[in-house]
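Comments concern the structure below.
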Ligand SMILES: Nc1ncnc2c1ncn2[C@@H]1O[C@H](COP(=O)(O)OP(=O)(O)OP(=O)(O)O)[C@@H](O)[C@H]1O
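In the numbering used here, the protein residues as written are 4 to 531.
And the structure:
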């Protein structure tokens, strides 16, 4: 890609970008939030047209009007939010839309098997996608792109949702791909990973390429400096601020898929239908409780029940000593419960509304958004400017739509909004997902400051360094149950990763004596 420029109203997203990807290599694209990485990849995948510049594939200049054009040239993209149909099988998902290639029966099955074996993907054609975990879904997405003949794969933050062991497996897959002469371009904010898997690195800052780095000669710190000109932060929580004052007390919380059974509850037969099973915990003022778990083990239901989007079938929730189980969401929020949702697009923003209206969202009745009975747009607008400033939301103004912000900047806006109403309890699901290292440190600082003032936090994160670093207490959720606990001061991401896949129960240090394997794993963890 040569001299790529792309303008949006008020913003130059890409300015004279140069990117060369060699065949048979993994090429990492790094840069702070809003730097222009996604825009560049959307251009390469035919989703957006550049205002200037040229794309040359295998020596031939090309123009893409749609992703279909890009695929013809062997360029495929795996998005961060997977786009598979849950209720279809793997084979059906892969074939969907490309029936003409190898049919929909034996030929297709054979081809899937062939690709899966060739790159060690371990994809089974006949299972339902809804029965697959995140890592397997990702492999199906990769296979789907290969099935369509991709020779260059674009992966948008592929490791954000994976545990350390799954990341290692994915990187093995990528090495297979490149040994077969395919090329991989991937966007990532995790600099340790970038250095461990990439052959080449291109750094983008403020819309333009500022340099390349050779992984073997670069440290994460140097890479971070190249990106943002600041040092690599660590999420360590300095001193404990945990008090003995309970803020949130959850007792026997149970949620059934499809509602509570009619008869007496609690027998073995309905155990399978419990998505949340007898969950009990307390979070004190000044405490961060981290919940570790592979996605889909009840975290979503736990969060939704706490904020009031879902009804508990049994159990109780007390907030500052008061039973809030029957309270609707709005009352919970007004009383001091803040919420950083898992899915920022579906539950955190109105994408087509301006930033300042998004500032009001979820806090319609509260100052500075409201004055008495009436909304106060001026107050909301002023406060949006403050959030933009304090949380470093990169935007041309507060009147642009939320959709026009880069992913990381959308996240900063949500965090800023939720921290603005002096919450007493914060539900934080992946608070820094998609956020660059500099902004991540800033968000951690905001959470730590509030914790020092007595904020209680329920933290859910797929970033195990973040989870271990920020939490005062750690619990593991598996199949809807809290099965184990761990001490954040001593546990490694690898140990926690193993526990999350269901291997452990009880207190983790008690079950897992330190072995050579673990020492190895810990050492690897440091390298990552
Ligand atoms: N459709 C759009 N309309 C207006 N502005 C846009 C649009 N898409 C992107 N931008 C702007 O272009 C710039 C680059 O955004 P882009 O999404 O490419 O960044 P990024 O490097 O991928 O960031 P992140 O790491 O946060 O995902 C940002 O300032 C963003 O606000």
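Cβ coordinates follow ideal geometry from the N, Cα and C atoms, glycine included.
Bear in mind that the values here come from a model prediction, so they are computed numbers and not experimental data.
At a threshold of 7 Å, residue 397 counts as near ligand 1, since its beta carbon sits closer than that to one of the ligand's heavy atoms. In terms of Cα proximity to residue 157, the closest of 215, 105, 140, 49 is 49.
Beyond the five residues adjoining it in sequence on each side, residue 133 comes within less than 6 Å, by CB distance, of 89 in the same chain, given in chain order.
Going by DSSP, residue 17 is part of no alpha helix (DSSP H) but of the beta strand (DSSP E) stretching over 14-20. Rounded to whole angstroms, the Cβ separation of residue 249 and residue 341 is 18 Å, and the two are not in contact under 8 Å.
Unbroken beta strand (DSSP E) runs of no fewer than 3 residues, entirely contained in the segment 46-132, are found at 55-60, 63-65, 78-81, following chain order.
For residue 432, the uninterrupted beta strand (DSSP E) run begins and ends at 428-432, by DSSP. At the C-beta level, residue 187 and residue 59 stay beyond 8 Å of one another.
A buried status is given to residue 483, since no fewer than 16 other beta-carbon atoms sit within 10 Å of its beta-carbon. Pairwise C-beta distances place the segment 480-494 out of contact with the segment 314-329, as fewer than three of them are shorter than 8 Å.
The C-alpha of residue 203 is placed about 11 Å away from the C-alpha of residue 220.
Between the C-alpha atoms of residue 261 and residue 302 there is a straight-line separation of about 17 Å. Apart from the 5 residues on each side of it in sequence, residue 39 sits with its Cβ closer than 6 Å to the Cβ of 16, 17, 207, 210 in its chain, given in chain order. Here the distance from the Cβ of residue 42 to the nearest heavy atom of ligand 1 is below 7 Å.
Between ligand 1 and residue 281, a heavy atom-to-CB distance of less than 7 Å is absent. Burial is judged here by how many other beta carbons sit within 10 angstroms of a residue's own beta carbon; residue 389 has fewer than 16 and is exposed. Pairing residue 258 with residue 462 gives a Cβ-Cβ distance that is not under 8 Å.
For residue 303, the enclosing alpha helix (DSSP H) starts and ends at 302-310. Checking the 7 Å criterion, the Cβ of residue 412 is within range of a heavy atom belonging to ligand 1. From the listed residues 306, 244, 447, 253, the smallest Cα separation to residue 475 is found for 244.
Beta-bridge pairing by DSSP links residue 9 to 17. The residue from 360, 429, 397 with its alpha-carbon nearest to that of residue 36 is 397. Within the segment 150-224, the complete alpha helix (DSSP H) runs of at least 4 residues fall at 167-182, 194-200.
Residue side-chain check: residue 16 places its Cβ nearer than 7 Å to a non-hydrogen atom of ligand 1.
In the three-state reduction of the DSSP assignment, residue 459 falls in the strand class. Within the segment 473-498, the complete beta strand (DSSP E) segments at least 3 residues long are 476-481, 484-489, listed from N- to C-terminus.
Apart from the 5 residues on each side of it in sequence, residue 385 sits with its Cβ closer than 8 Å to the Cβ of 371 in its chain, given in chain order. Exclusion of residue 429 from the 7 Å shell around ligand 1 follows from its C-beta lying no nearer than that to any non-hydrogen atom of the ligand. Ligand 1 never approaches residue 214 closely enough for any of its heavy atoms to be under 7 Å from the residue's Cβ. A Cβ-Cβ distance of about 7 Å is found for the pair residue 81 and residue 159, placing them in contact under the 8 Å criterion. The way I'd put it, the segment 21-28 doesn't touch the segment 398-406; fewer than three beta-carbon pairs between them come closer than 8 Å. Annotation for residue 386: the continuous alpha helix (DSSP H) segment containing it runs 380-393. Take residue 432, set aside five residues on each side of it, and the residues of its chain with a beta-carbon closer than 7 Å to its own are 306, 343, 344, 345, 463, in chain order.
Residue 332 sits in a helix when the DSSP states are folded into three classes. Residue 148 holds the alpha-carbon nearest to the alpha-carbon of residue 71 among 148, 417, 117.
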